[in-house]
Amino acid sequence: MTVSTDTNVGYSFKEELASSISHALGVIFGIVALVMMVSKAMELEAGGLAITSYSIYGASIIILYLASTLYHSIPFEKAKRALKTFDHCAIFLLIAGTYTPFMLVSLGTPLAMVVMTVIWLLALVGILAKVAFVYRFKTLSLIMYLAMGWMSLVVIYQLYLSLAIGGLVLLASGGLVYSLGVIFYVKRSIPFNHAIWHLFVLGGTVLHFLAVYLYVVAP
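Residue numbers for the sequence shown follow UniProt numbering, so the first one is 1 and each next one is one higher.
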């Protein structure tokens, strides 16, 4: 059986199921990641700013994967339309949320504050555009996601000094995995392309979490 709606043209039931399961794992991972970061920060008496940063980051992981899981799980057209918008908006939240602990806790420099401010403003603009225009400007949105993700190059030297080579490798590897996954996202001729892309997204998230936990939360 093929699911054929305006919001999700051409994906079979099995493909949608695979997409749902892959990101349901992300919800579980996000909850575990949030608990690990906050509990470790409290154990180390890291302070309110750090705990808030980790909470924002952890919440952004959960929101992204929950939105995606619901979107691919619920077959009702009206709900699916709203959830697709929520899903795409959540991508902006995850990007900005991922920047937050690095910029606020690991760096905290004036340049890092500028980068974080720009990232959150772009995320806000992206979210408002998604809500206002829904399914338009898909290519522009994809370019925006990638550009925001790689904006960390602006503070790459500062990150190197703060995270050391291990953290930088994890951070760059996560960005690379996210970017490579886009190949499967756009190649709809590949069976289960969307579910495969989901696995790349999950892999990128795990790598970035390891960078945060090992080199920011508990260096």
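Just so you know, even glycine gets a beta-carbon here, dropped at the ideal spot from N, CA and C. For clarity, every value in this text was computed on a predicted model and none was experimentally measured.
Cα separation between leucine 176 and threonine 52? 27 Å
Measure the C-alpha to C-alpha separation of serine 4 and leucine 159 and round it to an integer number of angstroms. Low confidence applies to serine 4: its pLDDT is 39, below 50, so where it sits in the model is not reliable, and the reading given next is rough at best. For serine 4 and leucine 159, the distance between alpha carbons rounds to 45 Å.
Using the Cα positions of leucine 49 and leucine 104, report the straight-line distance between them to the nearest angstrom. 8 Å
Glutamate 15: buried (16+ other C-beta within 10 angstroms of its C-beta) or exposed? buried
For methionine 144 and leucine 111, the rounded distance between their alpha carbons: 21 Å
Have a look at Asn193, Val131, Val186, Ile127 and flag the residue whose alpha-carbon is nearest the alpha-carbon of lysine 95. Note that residue 95 corresponds to isoleucine in the displayed sequence, not to lysine. The candidate whose alpha carbon is nearest that of isoleucine 95 is Ile127.
Alpha helix (DSSP H) segment containing alanine 24, residue limits: 13-43
Entirely within the region 129-163 and at least 4 residues each: give me those alpha helix (DSSP H) ranges in chain order. 138-149
With a threshold of 8 Å on Cβ separation, who are the neighbours of valine 131 within its own chain once the five nearest residues in sequence on each side are excluded? Thr85, Cys89
Kindly give me the distance between the Cβ atoms of alanine 59 and glycine 97, rounded to whole angstroms, as I take these residues to be in contact under 8 Å. 7 Å
Going along the chain, which residues of its own chain have a beta-carbon closer than 6 Å to the beta-carbon of tryptophan 197, five neighbours each way excluded? Gly181, Phe184, Tyr185
Would you report the Cα separation of proline 41 and alanine 218, rounded to the nearest angstrom? What sits at residue 41 in the sequence shown is alanine, not proline. Each residue's Cα considered, the two are about 8 Å apart.
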